Each structure stands twice: as structure tokens, then as C-alpha cells.
Amino acid sequence: MKNNIETIDGKLLMGPGPTNIDRRIKSALSREPLSHLDPDFFSILDNISSSLRRVFKTNNKVTFAVSGTGSSGMEMAMTNLIEPGDEVLVLKNGEFGNRMENLAQRLKAKVSVMSTKWGESFEQSLVIEKIKSMPNLKLVSVVHAETSTGVLQEIDLIGKYLKSTDIIFLVDAVTSLTGVNLEVDEWGIDSCFSGSQKCLSVPPGLAPITFNEKALLKVKNRKNLNSSWYFDLKMLINYWGEERVYHHTAPVNMLFALNEGLSICLQEGLEKRFERHKSNSEYFMTLLKQVGLKSFVDEEKFKALPVLKSVIIPKGMNDKELRSKMLINHDIEIGGGLGPTKGQIWRFGLMGFNSKKEFIDELFRKLALYIN
Ligand code: PLP
1 MKNNIETIDG KLLMGPGPTN IDRRIKSALS REPLSHLDPD FFSILDNISS
51 SLRRVFKTNN KVTFAVSGTG SSGMEMAMTN LIEPGDEVLV LKNGEFGNRM
101 ENLAQRLKAK VSVMSTKWGE SFEQSLVIEK IKSMPNLKLV SVVHAETSTG
151 VLQEIDLIGK YLKSTDIIFL VDAVTSLTGV NLEVDEWGID SCFSGSQKCL
201 SVPPGLAPIT FNEKALLKVK NRKNLNSSWY FDLKMLINYW GEERVYHHTA
251 PVNMLFALNE GLSICLQEGL EKRFERHKSN SEYFMTLLKQ VGLKSFVDEE
301 KFKALPVLKS VIIPKGMNDK ELRSKMLINH DIEIGGGLGP TKGQIWRFGL
351 MGFNSKKEFI DELFRKLALY IN
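Going by my numbering, the letters in the sequence shown line up with residues 1 to 372, in that order.
This is the structure in C-alpha cells:
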């Protein structure tokens, strides 16, 4: 092992996810499997749902984990909540907004887009004005934490406005859940999804998700069958609900791991966890300034994520060369830019298990070897 972190067996993952994992997660993954129809396993599912309610800050009965990565959460939400011809507004300021637009188009929605430059966020009052100008609007989708740029989008006012309408509010919280505050019920979010491999620090493969009564009514009143069998909430609800009807074989060991990951979060305490992410992000920014690098997000104008730091690559530095030196010489992974930011920014993840001063110190010790 070429990095100096003794608590990690292999590479130090300081990119946009997955993160390294706690020993408790490793032992959950290597447990003897249970049948997905074993009553003992059902207790674990119940526990996962109730822990997810606490981290999403919701009382929604329908709260569970989709079998699949974060994208499966997006697909589960959108295939159930959008019908062909529905008017949908997608807020787009990065790669994951692009994906929501693409998915809504595949579902044959009438898609309108509101966009800002990558690295910026939306003024909530302007979004509300736009919504008011669309009398037939059925759904608004937004990315809370844009992992491609490192921007945090404030959503509370948009959600509170939408609460008083029939319009569904869908939020991608893949990178924010348990890293920054998220209040599903309080902020009027009707459906919200995440991914296991970011701030929850469980390997990739599960997508926590929640639907409130308003969202469920939309699903119940659909005129068209969901075009996806795997993501049909009407069927899946009977497995995660009281009936426990077989739908597909649940990824049992991944669910053991998620259960453990959630218990680690709740033992730490959500507010303390947010505070830890915030203070480590501040520490990162101090060291970043010391080596003369700059944040891609203009932090005077926009809110930067504490869990994903995007950094401008200085002129004269070769993006790929630096990342491969960090990986090959030091076993440290960092992320590159996506789309228009490819070759322009690096992305550093400070998520969950990996939001630690010790890891940040090691990262900068090694970075300093190449940055002059
Ligand atoms: N949404 C956001 C904001 C993401 O950051 C990601 C992945 O990084 C996704 C969706 C897709 O998740 P996955 O790659 O786990 O399918």
C-alpha cells in the first residue's frame, strides 16, 4: 500500500464516490446470506425503512432501498411519477440535471428546462416564478447536490411553494443524504432518492428512496402502466410493505451493509455528521488555499457542497497525468471533471467515512509533491 493510511486495506478513495468503508460494513457484506423471504430478513427491511425515514427526515410509509445504484433511484422515481404527455420542469446546472432531462424525454413527457451555468445554482424565487408561469405543470425535478460541479442547490422555498399545489416535487439527493441537511417533509419534497456509495459510505448498489401520499396518489391514478416492470412501484410496494410478496430477489448482503451504514450514521447523530462534514470541508479549503488552488464554485455567490469539492486545475497542469500519478504512485483516487468541465476541474470527495482530517492531510501531502 502506497498511501500512509493504515486503517484502509487498499486505495484511498477521495473522488466523487464510492468511498472507503467501515470495518462494520465489511463484516455485514461477508455475513452468511439469508433468504429474501425469511422473516428475520423482513425485520432487517423494516429496520432499514425506519432508519431511512430518520435520515430523510420524513414520516413517509413508502421509504425503502431500490436494488441498483443511484441511477435506479432516479429511474424508479421518474418512471412511476411521469406519464407520457405530462409537463415536466427540469432544473439543470450539471450532469445529473442532464440525466433527469434525458429520462423525462424517454418517458415522453413534455419537458421544459431551466438552466444555469455549471458551477452556479438557481435563485429559488426565479424558479417559483417559472413554475407559476406553467399552469399545466405536473412535476418539477432538481438535484440537491450537483456532484458534477460541487454546488448545493437550496430547495426549501421551492418545495414549500409546491406543497400548496398538485405539482410533484422530485429531488435527487444522491450526494447530499447524511452529508448535508435535507428535510423531506418540512421542505415539501414528494419523492427523493439517493445512493448508498456517497455519504452513507456503503458500496454502490442500493438507492434509498421515499414517496409521500401526494406522490403515491399520482402513481395510483396513472392511466398508463409503468413501462418498466422492475421499477413498478405498485408491485414493489407489496414486497417492502406488509404483504411481503416476492417481486425480485433482494440483494440481501448489500441490504445488511446498508442497515449497518445507517446504524453508523444514526449512532454518530445526523446533526453531528453534518457538522463533521462542514468542518472538514473548511479544513480542506484552508489547505487548498495554502497550495494556491481555487474552488470552481464561486463561494461568495453560491453555496459549495461540504462533501464534494471541485477545484480549478491550474494552467500548465495536466489533469490526467496528475490523477494517474496520485493513483499509481500513492494509491489515492481523485475525480476528474465531467462534460464541459473535463480537463478543467478535479473533484475531491469528503463523504461519510472519508470526511476525515487524517485523509485530507494525506491527500495534500501527496498533492503537494506535484503542485508548485
Ligand atoms: N445523481 C447524482 C447527483 C449523482 O452524483 C450520481 C452519481 O454520482 C447519480 C445521480 C447516479 O448514481 P449512480 O452512479 O450510483 O448510478
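Virtual Cβ for every residue (Gly too), placed ideally from N, Cα, C. In this text the structure is predicted, and so the values were computed from the model without any measurement.
Give the DSSP bridge partners of M114, in chain order. In DSSP, M114 forms a bridge with L91.
Is S71 close to the ligand PLP? I mean its beta-carbon at under 7 Å from any heavy atom of the ligand. Answer for S71: yes, Cβ within range of the ligand PLP.
Is any non-hydrogen atom of the ligand PLP found closer than 7 Å to the C-beta of T147, if you look at the structure I gave you? Yes, the ligand PLP has a heavy atom inside 7 Å of this Cβ.
Pick helix, strand or coil for K57, following the three-state DSSP scheme. Three-state DSSP puts K57 in coil, outside helix and strand.
Would you say L206 and A65 are within 8 Å of each other, going by their C-beta atoms? Yes, the pair counts as a contact, with Cβ atoms nearer than the cut-off.
Within the present structure, is the beta-carbon of M74 separated from the nearest heavy atom of the ligand PLP by less than 7 Å? Flag set: Cβ of M74 near the ligand PLP.
Close beta carbons around K121, own chain, < 6 Å, minus the five adjacent residues each side: For clarity, residue 121 is Ser in the given sequence; the question names Lys instead. The answer, listed in chain order, is V151, Q153, F302.
Indicate, with yes or no, if the ligand PLP has a heavy atom lying under 7 Å from the CB of T175. At least one heavy atom of the ligand PLP sits closer than 7 Å to the Cβ of T175.
Contact check, L29 vs F256, beta carbons under 8 Å: If you check the CB distance, L29 and F256 come in under 8 Å.
For T210, which of helix, strand or coil comes out of DSSP? Strand.
With a threshold of 7 Å, establish whether the CB of F348 neighbours any heavy atom of the ligand PLP. False, no ligand heavy atom lies under 7 Å from that Cβ.
For the candidate residues T178, N224, L363, S310, whose alpha-carbon lies nearest to that of E275? Relative to the Cα of E275, the nearest Cα in the group T178, N224, L363, S310 belongs to T178.
Please classify L13: is it buried, with 16 or more other beta-carbons within 10 angstroms of its beta-carbon, or exposed? With 16 or more other Cβ atoms within 10 Å, it is buried.
Hey, V140 and I131: beta-carbon distance below 8 Å or not? Their beta carbons are under 8 Å apart, which means V140 touches I131 by this criterion.
So, for L338: in the same chain, excluding its five sequence neighbours on each side, which residues have a beta-carbon less than 6 Å away from its beta-carbon? Within the same chain, and ignoring the five residues on either side of L338 in sequence, the residues whose Cβ sits closer than 6 Å to its Cβ are E95, S148.
Is any heavy atom in the ligand PLP found nearer than 7 Å to the beta carbon of P208? When distances are taken from the beta-carbon of P208 to the heavy atoms of the ligand PLP, even the shortest one reaches 7 Å or more.
Would you be able to state if there are at least three C-beta pairs under 8 Å between the stretch 82-93 and the stretch 102-122? With the cut-off at 8 Å, the stretch 102-122 and the stretch 82-93 touch.
Beta-carbon proximity list for S295, same chain, < 8 Å, skipping 5 on both sides: Taken in chain order, the residues that qualify are G150, M285, L288, A304, K309, S310, V311, I312.
Are the stretch 193-203 and the stretch 9-23 touching by the rule of at least three beta carbon pairs closer than 8 Å? Yes, since at least three Cβ pairs between the stretch 193-203 and the stretch 9-23 fall closer than 8 Å, the two stretches touch.
Just verifying my parser: in three-state terms, what is the DSSP assignment at F373? For the chain, the structure presents residues 1 to 372; residue 373 sits outside this window and is missing.
Does the beta-carbon of D172, which I'm using as the reference point, lie nearer than 7 Å to any heavy atom of the ligand PLP? At least one heavy atom of the ligand PLP lies less than 7 Å from the C-beta of D172.
Taking DSSP's pairing of strands, which residues face R347 in a bridge? Its beta-bridge partners are S310, G335.
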